[in-house]
Amino acid sequence: MTAGELAGEVAVVTGAAQGIGEAIARRLAAAGARVALADLQAEKAEGVAASIRAAGGEALAFPVDIADGASLDRLRSQVRSAFGPVTILVANAARITIRPFLELTDAEWEATVATNVTGTYLTIRRFCDEMIDAHRGSIIVISSVNGLRGQVGLSAYNVTKAALVMLARTVALELAGHGIRVNAIAPGDIATAIVDQVADQDGAQGTIPLRRYGRPEEVAETALFLASARAAYTTGSVVTVDGGLDAQLYPGDIFASGEAPGANG
Ligand SMILES: NC(=O)c1ccc[n+]([C@@H]2O[C@H](COP(=O)([O-])OP(=O)(O)OC[C@H]3O[C@@H](n4cnc5c(N)ncnc54)[C@H](O)[C@@H]3O)[C@@H](O)[C@H]2O)c1
44 MTAGELAGEV AVVTGAAQGI GEAIARRLAA AGARVALADL QAEKAEGVAA SIRAAGGEAL
104 AFPVDIADGA SLDRLRSQVR SAFGPVTILV ANAARITIRP FLELTDAEWE ATVATNVTGT
164 YLTIRRFCDE MIDAHRGSII VISSVNGLRG QVGLSAYNVT KAALVMLART VALELAGHGI
224 RVNAIAPGDI ATAIVDQVAD QDGAQGTIPL RRYGRPEEVA ETALFLASAR AAYTTGSVVT
284 VDGGLDAQLY PGDIFASGEA PGANG
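In this text, residue positions in the sequence shown follow the working numbering: the first is 44, and each later residue adds one.
Below you can see the structure in the form of structure tokens.
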């Protein structure tokens, strides 16, 4: 039973207009948090916020570009006026760049790093002061299995997601004394618009140990856990929600063909 366990908490979720961020915003609101949905797509975020309110939750949408510190300053003061100091921060917004390494432009590299790495850094910096003042808080950084394993065509994205693992771990160490927990989630292939941009949809699913894409709601459950007091002793962790992808060296069953040593007795 988790209903109401986040009562009294104020959460900011970046990139909450769709996909994983939307699912996390909905889940935190259903658990009783007041939720600020922050996104470049302000109108779309407002649609999600309205539907959360219609379901009895408390949610408001705000425009933000996480790559722009001044935009985050405005977000912080708007959220503070509406809801009070933030106690849960989900740094989820990101952009994906799919391009062979040898065709990647400098501008694409820079834009990916600016949003995913610098933007996440700025997001945490802007909101951690309020948590330090309150001596409590939970920060959740959405990384990816692509930050743990390589994948062709995603060099810029993969580098940024690996950087977020180290950002979460290091900030966890520095903020532990302030009563703030910082954890990363590394989702695998989750059925959202980002995955729609990557080819080989049917083939990819067959190589996932659980043989299917994940759902945004399944990532949201992990985010709720990390946000809650149930995770009071969990900080600096990287939690995979990936159907077993990161555990696997090669896909497939070496015994299935009957050719593996010892497979036939
Ligand atoms: N979908 C997956 O399979 C998958 C796997 C691993 C990790 N992730 C990570 O999960 C997060 C969400 O992914 P998703 O699949 O829901 O993506 P998505 O593209 O569906 O949603 C991303 C949201 O972030 C917003 N956004 C992008 N740049 C922004 C900026 N500069 N400022 C504010 N908002 C901005 C977009 O408007 C969008 O609403 C990302 O960090 C992504 O890297 C996704």
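From the three backbone atoms N, C-alpha and C, an ideal C-beta is built for every residue, glycine too.
So, are the CB atoms of residue i and residue j less than 8 Å apart?
i	j	result
A137	T158	yes
A92	A54	no
T57	I131	no
A229	L191	yes
E173	P128	yes
L83	R169	no
A299	P252	no
L207	G279	no
G75	L49	yes
Give a yes or no on whether the minimum CB-CB distance between residue i and chain B is below 8 Å.
i	result
A50	The chain labelled as chain B is not found in the depicted structure, where only one protein chain is given.
Quick one: grab the DSSP three-state call for residue i.
i	result
T213	helix
F298	coil
G308	Unreliable placement is indicated for G308, whose pLDDT of 41 sits below 50; the coordinate value is still reported in the next sentence. It is coil, neither helix nor strand.
P106	strand
I67	helix
S280	coil
P230	strand
S124	helix
Could you check the C-alpha separation between residue i and residue j for me, to the nearest Å?
i	j	result
F126	G47	17 Å
S186	Y164	13 Å
V23	G287	Because the chain in this structure spans residues 44 to 308, residue 23 falls outside the shown range and cannot be described.
T155	G231	19 Å
L218	T277	13 Å
A98	A211	33 Å
F144	E260	32 Å
E86	F105	9 Å
Exercise. Quick one: any contact between the segment 218-227 and the segment 255-262, if contact means 3 or more CB pairs under 8 Å?
Worked result: no
Problem set entry | Environment of ligand 1 in chain order, Cβ to heavy atom below 6 Å | T57, G58, A60, Q61, G62, I63, G64, D82, L83, Q84, V107, D108, I109, A110, N135, A136, A137, R138, T158, G162, I185, S187, P230, D232, I233, T235, A236, I237, V238
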